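Step one of this worksheet: look at the structure below.
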Amino acid sequence: MDQMEKKEFQAESKRLLDLMINSIYTHKEIFLREILSNASDAIDKLAYQALTDDKVGLNRDDFAIRIQMDPDRRTITVSDNGIGMTKEEMEQNLGTIARSGSYQFKKDMDDSDAVDIIGQFGVGFYSAFMVSDSVTVVSRKYGTEESWMWNSQGADGYTMMPCEKETVGTDVMKLKEDTEEEKYSDYLQEYTIRDLVRKYSDYLRYPIRMEVTKYRSVPDPEDEKKTKSESYREEETLNSMIPLWQKPQSEVTEEEYDGFYQDKFFDYQKPLTHISVSAEGAATYKSLLFIPSHAGADYYTKEYRRGLQLYSSGVMIMEHCEELIPDYFAFVRGVVDSQDLSLNISREMLQHDRQVQRIAQNLEKKVRQELEKIMKDRREDYEKFYAGFGLQLKYGVLQDYGAHQDTLKDLLLFWSAKEQKLISLKEYTDAMGKDQKTIYYASGDNRTRLQQLPQTEVLLGKGFDVLLFTEEVDEFAAQTMHAYAEKEFKNVVGESTENADENKEEEQALQPALEFISKTLGDKVSKVRLSKDLGSHPVSMAPEGGMSFEMARYFQKLQPDAPLNVGKILELNADHPVFVKLQNYMGSNPEKAEKLAQLLYHQALLMAGLDLEDPTAYTDLVCEMIS
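Mind the numbering: the sequence shown is residues 201 to 827 in my numbering, read in order.
Okay, structure coming up:
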């Protein structure tokens, strides 16, 4: 056959080509990954044949993929020494879009044949048209003398013609002209190609080679004492070929794991730990996960992107696969590699893929177990980790209406007022005495103030511990969990820690004083009552209802235009000298008694961490009472 044959794509193939170029692939750079994967497929097929065919005359070390660039012609050429294609195979695999030669090859093999074919030739191949306006494939099938050239300029169709070729397979892509939006010339730069190979195809099992420009020092002919820089061309292997996660753990050092993490995820510090997983069965995959030792500067920003790198047989499918790790473990970095996933799987398919769901469930369990182990065996390291990511774990308790609290509750730490250190909920409940029925906590903006609360002092005096909640999410997490080890959480500020009935008789006797204070303060407080929980302090402010002052402040931030007013209950210590003095002034100097009531109210606001309505008036009042 000497004549060029013109062919047309089927109508549905034209539509699919347009859909793929404009919809399926959102990142144009993916084209190189697809072409390299197809070249690897072609070598796989010949390597498989070499197992039973001595005539092939090639071993594993002989196979390679080569990339060449010609800036003048605006072409990128990818060549391989794989199986090649006949004319019929080229028409079937290239002329019919979405037909997979690799898939058919794998389907024709015996189930016992352990050859792993990447991708689906025919789908990914057409991604080349995202960057090229003309794609040429020249191929010669192993064992034949005929070579054929296939060329297409897009959806209009393709041509076939015989040609001369020594090697087996070659793809030539002529890049489109640059536009304001797209700089296709970037793909003709050595550093761009090197970066794309390392990003997507670093772990292809065959070497990807390219001739690159290098520099060396040579004597300067004009001055023997000096040297000058001279450029030269040298072939370089761009990919590492063997993924770290594919190696037996016994053959990998901690330094190699740390170096891999720091290089791949751009962290200047070593990770807290790594987790290696090799699973077979319902979900077959290998994974290498890293738990960072600290939170990066962008971690709690919109710029941070969570998710694991997803690979199919060493070829990256997705750089940030969110479906593989839950949001509350968003700090986990790493890779998952499964030969059962297609290169062309979409995010929509990932969300419903049962294999991906199984992998995600397994990884979640592995991460939780590893964190629990570190908390137990390396407490100091865990507390450093918790300083950066504890907030993420607490918000995870709230996520999905508390659905994940059982997964996370044993990973949480809170400051102990009694122990003066971070403790877990298990450590708190294990140390509880028989008389203690609830888990006490105080919520506010800093530990010093919470430690000095009257209620905290009283409980510590009784031998009880109080957890100090200083982050906005803490109290929400406690309310979401409601209880731990069947012990309910209880805010020390609010409902009395004593039996309320014990105060009734005394309150009746002191009712005139309580009514006087209530009338003096008016609508500033919703109620005035006595409390036995104030220790040596004269007064305290408690919220009315189930919401604390801290929670009200949080909702106020979310909706500044819809203020959420929490009623204030003024609690008084009947045994304190100031209260006794106020009662005496009620008969002898009512005006002074009113000022003393105002003073106690403002002090209660300050102790509760609430804002004073008029700081100047309060200062003047203090000065007046002193003078």
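C-beta: ideal position from N, C-alpha, C; glycine also. Bear in mind that the values here come from a model prediction, so they are computed numbers and not experimental data.
Proximity to D333 [Cα-Cα], best of F325, K206, K376, E366: When only C-alpha atoms are compared, the closest one is K376.
Separation of Y432 from P419, as counted between CA atoms: When the Cα atoms are used, P419 and Y432 turn out to be separated by approximately 15 Å.
Proximity of F325 and G354 at Cβ, strictly below 8 Å: Taking 8 Å as the Cβ cut-off, F325 and G354 do not qualify as a contacting pair.
Cβ-Cβ distance between K365 and R405 below 8 Å: Taking C-beta atoms as the reference points, K365 and R405 fail to come closer than 8 Å.
Cβ pair count under 8 Å reaching 3, the segment 775-790 against the segment 804-814: At 8 Å Cβ cutoff, the stretches do not touch.
Euclidean distance between Cα positions of R647 and Q798: The alpha-carbon of R647 is positioned some 27 Å away from that of Q798.
Continuous alpha helix (DSSP H) stretch holding S237: start and end: It spans 230-250 - the alpha helix (DSSP H) in which S237 sits, taken as one unbroken run.
Assigned exposure category for N773 - 16 Cβ within 10 Å defines buried: With 16 or more Cβ atoms within 10 Å of its Cβ, N773 is classed as buried.
Residue closest to F231, alpha-carbon to alpha-carbon, out of I525, F676, V372: Residue nearest to F231 within the set I525, F676, V372 is V372 (criterion: CA-CA distance).
Host beta strand (DSSP E) of F490 (start-end): Per DSSP, the unbroken beta strand (DSSP E) holding F490 starts and ends at 485-491.
Reduced DSSP category for H520 - H, G, I as helix; E, B as strand; rest coil: Strand at H520.
I491 and L508 closer than 8 Å at C-beta: No, Cβ-Cβ distance for I491 and L508 is not below 8 Å.
Close beta carbons around A479, own chain, < 7 Å, minus the five adjacent residues each side: Only Y485, N562 meet the Cβ criterion.
Residues sharing a beta bridge with E688, DSSP: E688 is bridged to T638, A683.
Local Cβ density within 10 Å of E819, reported as buried at 16 or more and exposed below that: Reading the sequence as shown, one finds Thr at residue 819 and not Glu. Looking at its Cβ environment, which holds fewer than 16 other Cβ atoms inside 10 Å, T819 is exposed.
Residue interval of the beta strand (DSSP E) (run including N351): N351 -> beta strand (DSSP E) spans 347-352.
K594 burial status per 10 Å Cβ neighbour count (16 or more: buried): With a 10 Å radius around the Cβ and a threshold of 16 neighbouring Cβ atoms, K594 comes out buried.
Coil, strand or helix - P419 by DSSP: Strand at P419.
Contact check, V673 vs L591, beta carbons under 8 Å: Yes, they are a contact pair.
For V692 and Y641, believed in contact at Cβ under 8 Å, the rounded distance: With a contact defined as Cβ atoms closer than 8 Å, Y641 and V692 qualify at about 7 Å.
Beta-carbon separation (whole angstroms), S279 vs G369, contact threshold 8 Å: About 7 Å separates the Cβ atoms of S279 and G369, confirming a contact at the 8 Å cut-off.
V556 beta carbon less than 8 Å from that of L488: For L488 and V556, no; Cβs fall outside 8 Å.
Contact the segment 392-401 vs the segment 427-441: 3+ CB pairs below 8 Å: Output reads yes: the segment 427-441 touches the segment 392-401.
Rounded straight-line distance, which links the Cα of F669 to that of L770: Taking the straight line from one Cα to the other gives about 22 Å.
Other residues of its chain near A314: CB distance less than 7 Å, five sequence neighbours each side excluded: With a pLDDT of 47 at A314, under the threshold of 50, the predicted position of this residue should be treated as unreliable, though the coordinate-derived value follows. Closer than 7 Å at the Cβ level, and outside the excluded window around A314, lies no residue.
Residue range of the beta strand (DSSP E) that includes V477: Its beta strand (DSSP E) spans residues 473-479.
Where K428 falls: helix, strand or coil (DSSP): It is a strand residue.
Under the three-state DSSP convention, the category K374 falls into: Of the three classes helix, strand and coil, the one that applies to K374 here is strand, per DSSP.
Extent of the continuous beta strand (DSSP E) run through S726: For S726, there is no enclosing beta strand (DSSP E), since its DSSP letter is neither H nor E.
Exposure label - E688; buried when at least 16 CB within 10 Å: If you draw a 10 Å sphere on the C-beta of E688, you find fewer than 16 other C-beta atoms in it, and that means exposed.
Cβ-Cβ separation, A631 to D665 (assumed contact under 8 Å), whole Å: At roughly 7 Å, the Cβ-Cβ gap stays under 8 Å, so D665 and A631 are in contact.
Own chain residues within Cβ distance below 6 Å of E435, not counting five before or after: Result list for E435: R409, E411, in chain order.
Exposure of N281, with buried meaning 16 or more beta-carbon neighbours within 10 Å: Classification for N281: buried.
With 16 other Cβ atoms within 10 Å as the buried cut-off, status of N789: With fewer than 16 other Cβ atoms within 10 Å, it is exposed.
With 16 other Cβ atoms within 10 Å as the buried cut-off, status of E698: Bear in mind that the predicted position of E698 carries a pLDDT of just 48, short of 50, making it unreliable; the figure below should be weighed with that in mind. With fewer than 16 other CB atoms across the displayed protein chains lying within 10 angstroms of its CB, E698 is exposed.
Secondary structure of L650, DSSP reduced to three states: The three-state reading of DSSP puts L650 in helix, counting H, G and I together.
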